[in-house]
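The next block holds one structure in the form of structure tokens; read it before the comments.
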Amino acid sequence: MLCGVSPTEPQAGGRAAIRLLQGYIWHAQDADVDLEQFLPRELDLPSPPGLAEQESAHVLWDTVNPPFAFFESGDPTASQVFYQFTVLRVYDERPDNTELHEDAAAASQALGPLLDGTPDGVGWQLWEDLREL
Numbered sequence: 029m030l031c032g033v034s035p036t037e038p039q040a041g042g043r044a045a046i047r048l049l050q051g052y053i054w055h056a057q058d059a060d061v062d063l064e065q066f067l068p069r070e071l072d073l074p075s076p077p078g079l080a081e082q083e084s085a086h087v088l089w090d091t092v093n094p095p096f097a098f099f100e101s102g103d104p105t106a107s108q109v110f111y112q113f114t115v116l117r118v119y120d121e122r123p124d125n126t127e128l129h130e131d132a133a134a135a136s137q138a139l140g141p142l143l144d145g146t147p148d149g150v151g152w153q154l155w156e157d158l159r160e161l
């Protein structure tokens, strides 16, 4: 699922670290899942037009307590391992929100097949964020 957070258009200028995608990944506690086997730590995304070559987007995940007590199905989340998931990119000059949205869409398209390739029982919920860190 990809939902959007629409921040106000920020002031331009200077380096900026922007969250493109944010969300959660989870799996059963007894599952032998190593996300390193399925997800990269960097994504190559196209550079915004008119700007110098940008560095890769960074893919981060850290273990967190379940952010909600139950799934929509009513099943408890306590038996799952949850990860906070973030895709961020550092820009030399902060692009406008249209260009950031394009980067978030490209990151989502790149990650989709990788997430689909995770073992059965791995779930995720990601959304577009576009806020500065």
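Heads up: the sequence shown begins at 29 in this note's numbering, then just goes up one per residue. Don't be surprised by glycine CBs; every beta carbon is placed ideally from N, CA and C. Being a predicted model, the structure only gives us computed values, none of them experimental.
Cβ pair residue i, residue j closer than 8 Å
i, j, result
"A138", "L71", "yes"
"A135", "A85", "yes"
"R47", "L116", "yes"
"A59", "G151", "no"
Length of the line joining the Cα atoms of residue i and residue j
i, j, result
"I53", "H129", "22 Å"
"E121", "G42", "5 Å"
"D62", "G140", "17 Å"
"V33", "N93", "Residue confidence for V33 is low, a pLDDT of 46 falling below 50, so the modelled location carries little weight and cannot support an answer."
"S101", "F66", "26 Å"
"V118", "Q82", "8 Å"
"R159", "L49", "9 Å"
"D124", "F99", "35 Å"
Closest by C-alpha distance to residue i, when choosing among the options
i, options, result
"L88", "Y111, F99, E100 and T105", "Y111"
"Q57", "A106, R47 and G145", "A106"
"A74", "L142, P147, E127 and T146", "Note on residue identity: the sequence assigns Pro, not Ala, to residue 74. The candidate whose alpha carbon is nearest that of P74 is E127."
"E64", "Q153, A97, D157 and P147", "P147"
Beta bridge counterpart(s) of residue i as assigned by DSSP
i, result
"H129", "Answer by DSSP bridge pairing: none, since H129 is not bridged."
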